[in-house]
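Since the structure comes first, as structure tokens, the remarks are kept for the end.
Protein chains in written order, with the working numbering: chain A, 1264 to 1746; chain B, 253 to 624.
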């Protein structure tokens, strides 16, 4: 149901929502509607940027609601079902895929009031927390007690824990500690119909399918995760890094694969392509070298870290790496967030996108080459850079990026160009063995390509969605699902 | 008002950057995106580049900012400029005022400042300085409105310390406002007028050393007045700096008083004037005292709401929300006492804890070694 603000039905709905969460926690004010219409996706930013000099507008929510707990979320979803109103969950609004945008209006359900730390279990090494907590705040509380989730993404200061779950987020220490989905013990979820459920107390059971997996990465289309138990770790006694330059990307990829397959358990491996070394590493770290920059790091017991570093060094030198030393490795770690801050990040008026994908070691170089070829050959106004951030036993993640410094001024032309690059680059990646995304999610940005990625299996996803959300109220327009 | 290049640069840097949101105290009052640095920069972009008029909810978002500077402290781009959201907000407030759009609650505070020289609208005859006699001295002690009207015990403590050290000092009878509060609300020209009046009174005393309790007043004398071309020629010290000077000269001695004491840093003394160590050194001068730090301290302090005078009990009742966060952290640090640097911090924090909360002047007075 779409309700005009001048209609008495608008007042009736507003009253019902205020009755649940209190008057202070529902907003229909213009300033809030405006701010919640832009997340970290280039598209709404561009449209906001060009207001006043183009006719393009942004979809806005009708109601912004701030529930305190699962009970209030449940009541909101029951109302939304009664009136068939879209509900889009919003955490920190730092997603780059448009996953939190209220593209069909309705309710924005801001989760940030659900920010309680319920329990830190120092024996089981877990923390139970509301999903609306800003991750940096959670980490601060854990650090005081000598712990960390070891989830350390660039968005730590602005994203909520729920946001990470929604799009399968990852952090710079993922090679050792895993992505967010590897850290989840159990969760409380409000289903689209308003029912509140809890998944099994522990995840490694032989009691049928793991229900957590229905909601992890579902971007709020299957329900709202309101509470989560995550694993935690003791802060390491030692964490040390070392940086190298390798003659080319191929050599660097071989070194990364060896660090993993020879079971050295690095916490961090980050390898930059030759052109990203030239463009970004020079700009942010001031290192001017030709070749592919790599930094790796180990953490844990001091003696073990020393041994790991010794063996890793031997691998790097056997591949003729130029050793830049521990200091330049530590410099990368200290500046790891800087890449995402102005003026270092890419920003308007540039047109840009992060084509992150993941593939097996057998395919990852081909995926990189395929994406790079498409961007550079079909779109000569664009440049392509990439680095490899997250390494698994079977493959690695590519953080490819395209940048156009002078995109079309007309927003409609700019959107067409943006989408064309995404379609062509990701189809090339999929043909070479890659997927649509590794840790930023699908959102609005890649929704149209999701059925193509899944093939026949997409019907299964759709069936699950229809069963859980018969009125299709949950985050419509995302993850390949329509209205 | 025509937007300046500096403010526009801040808007462009911050409008889509959420990286300091975790530190913004105003966001965690109502949890609204419009109450974040990013949200405010986006709204101001719409005004200054999108051609939108200031509408009511945007104006509210601009006045909901505590001007504490946490966003600037956490901005990673500090070597580039540490994008200055508080300055942007102050610019926007001046524009709102110039356009005649200030909310009634803000206009009421301005009217109180003009009529009574304080934001509370309390008659001057009820202030601490109403009953004092000015005298010839080398040192002038300025209280600021929070001490003068709400927490005179802080002034009593500091003057007793000065007396016990044999210092010759004076106060200003009916101490006038510095204009700082007017400027923070967007009334710069009226603020400058008040600044001129205060300076005239200061100069008339002949004192070349001014010691100040209130961080807002201190910041006005140290930074605003010079920027407005009306500098005070003498030295300006915060009470904590002067106490340290007395300790170092041997004029002030403190007796043993074992316990754990934590300091609630001041936004305006710390972030804007880098006064972090003087109060810690004063506290540590008490034999037996262990200075314990809260989780967030120095430039990463939690805001006590020193510029939240628009948020006090009369208007939005938000100061205590900020004070409570500091109280929790002080208790986590297992402190026995919280030392504060402003009357506002004392008011906001003491309302939310059973711990003893003392201004630095009260702390020094409580621990004076009278035998020395």
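Just so you know, even glycine gets a beta-carbon here, dropped at the ideal spot from N, CA and C.
Going along chain A, which residues have a C-beta under 7 Å from residue i?
i: residue 514 of chain B; result: What residue 514 of chain B touches in chain A: nothing, since even the nearest Cβ is about 14 Å away.
i: residue 307 of chain B; result: 1293
i: residue 298 of chain B; result: 1297 and 1314
i: residue 284 of chain B; result: 1290 and 1295
i: residue 302 of chain B; result: 1314 and 1315
i: residue 547 of chain B; result: 1403 and 1407
i: residue 328 of chain B; result: 1600, 1601 and 1604
I'd like to check one pair, residue j with residue i: are the Cβ atoms closer than 9 Å?
i: residue 324 of chain B; j: residue 272 of chain B; result: yes
i: residue 608 of chain B; j: residue 621 of chain B; result: no
i: residue 368 of chain B; j: residue 392 of chain B; result: no
i: residue 1305 of chain A; j: residue 1616 of chain A; result: yes
i: residue 326 of chain B; j: residue 1420 of chain A; result: yes
i: residue 594 of chain B; j: residue 573 of chain B; result: no
i: residue 515 of chain B; j: residue 504 of chain B; result: no
i: residue 1457 of chain A; j: residue 1337 of chain A; result: yes
i: residue 428 of chain B; j: residue 453 of chain B; result: yes
i: residue 322 of chain B; j: residue 554 of chain B; result: yes
i: residue 1372 of chain A; j: residue 1339 of chain A; result: yes
i: residue 1276 of chain A; j: residue 1326 of chain A; result: yes
Please return the same chain residues whose Cβ sits closer than 7 Å to the Cβ of residue i, not counting the five positions on each side in sequence.
i: residue 1473 of chain A; result: 1466
i: residue 1491 of chain A; result: 1392, 1394, 1424, 1428, 1447 and 1450
i: residue 565 of chain B; result: At residue 565 of chain B, the pLDDT of 47 sits below 50, so the modelled position is not reliable and the matter cannot be decided from this model.
i: residue 1645 of chain A; result: 1638, 1665, 1666, 1667 and 1684
i: residue 619 of chain B; result: 506, 507, 509 and 538
i: residue 306 of chain B; result: 299, 348, 351 and 353
Round the Cβ separation of residue i and residue j to the nearest angstrom and send it over; I've been treating them as touching at under 8 Å.
i: residue 1505 of chain A; j: residue 1572 of chain A; result: 7 Å
i: residue 527 of chain B; j: residue 513 of chain B; result: Wrong, their Cβ atoms sit about 17 Å apart, outside the cutoff.
i: residue 585 of chain B; j: residue 556 of chain B; result: With a Cβ gap of about 16 Å, residue 585 of chain B and residue 556 of chain B do not count as contacting.
i: residue 426 of chain B; j: residue 376 of chain B; result: 5 Å
i: residue 265 of chain B; j: residue 1606 of chain A; result: 7 Å
i: residue 1487 of chain A; j: residue 1453 of chain A; result: 5 Å
i: residue 1660 of chain A; j: residue 1621 of chain A; result: 4 Å
Which residue marks the beginning of the alpha helix (DSSP H) containing residue i, and which one marks its end?
i: residue 1690 of chain A; result: 1674-1694
i: residue 411 of chain B; result: 404-416
i: residue 324 of chain B; result: 322-326
i: residue 1280 of chain A; result: 1271-1284
i: residue 1302 of chain A; result: Counting along the chain, residue 1302 of chain A falls outside any alpha helix (DSSP H), and DSSP gives it neither H nor E.
i: residue 1343 of chain A; result: 1333-1346
i: residue 1440 of chain A; result: 1437-1440
i: residue 596 of chain B; result: 595-602
Near residue i, which residues of its chain fall below 6 Å by C-beta distance, leaving aside the five closest residues on each side in sequence?
i: residue 411 of chain B; result: none
i: residue 567 of chain B; result: Caution is warranted here: a pLDDT of 48 is assigned to residue 567 of chain B, below 50, making its placement in the model unreliable, and the coordinate value is therefore given only provisionally. Around residue 567 of chain B: 357.
i: residue 1663 of chain A; result: 1618, 1634 and 1649
i: residue 380 of chain B; result: 400, 404 and 407
i: residue 576 of chain B; result: 604
Check for me: the beta strand (DSSP E) holding residue i runs from which residue to which?
i: residue 1535 of chain A; result: 1531-1535
i: residue 1711 of chain A; result: Counting along the chain, residue 1711 of chain A falls outside any beta strand (DSSP E), and DSSP gives it neither H nor E.
i: residue 1654 of chain A; result: 1646-1654
i: residue 1619 of chain A; result: 1614-1623
i: residue 1493 of chain A; result: 1487-1494
i: residue 1667 of chain A; result: 1658-1667
Would you mind telling me which residues of chain B sit closer than 7 Å to residue i, beta carbon to beta carbon, in chain order?
i: residue 1421 of chain A; result: 270, 271, 273 and 274
i: residue 1373 of chain A; result: 283
i: residue 1399 of chain A; result: 274
Cβ closer than 8 Å: which chain A residues qualify as neighbours of residue i?
i: residue 291 of chain B; result: 1294 and 1298
i: residue 576 of chain B; result: In chain order: nothing, as chain A lies at least about 15 Å away.
i: residue 295 of chain B; result: 1294, 1297 and 1298
i: residue 310 of chain B; result: 1293 and 1294
i: residue 265 of chain B; result: 1605 and 1606
i: residue 313 of chain B; result: 1294
Using the beta-carbon of each residue, which ones in chain B are nearer than 8 Å to residue i?
i: residue 1376 of chain A; result: 283
i: residue 1355 of chain A; result: 270 and 273
i: residue 1301 of chain A; result: 268 and 294
Taking 8 Å as the limit between beta carbons, can you name the residues of its chain near residue i, skipping five residues before and five after?
i: residue 1409 of chain A; result: 1497 and 1498
i: residue 1608 of chain A; result: 1602
When every heavy atom of the ligand SAH is checked, does at least one fall within less than 8 Å of the C-beta of residue i?
i: residue 432 of chain B; result: Summarising the ligand content, the structure contains no ligands, and the ligand SAH is consequently not present.
Taking residue i as the query, report the chain B residues whose CB atoms sit under 9 Å from its CB, ordered along the chain.
i: residue 1311 of chain A; result: 267, 268, 294, 297, 298 and 302
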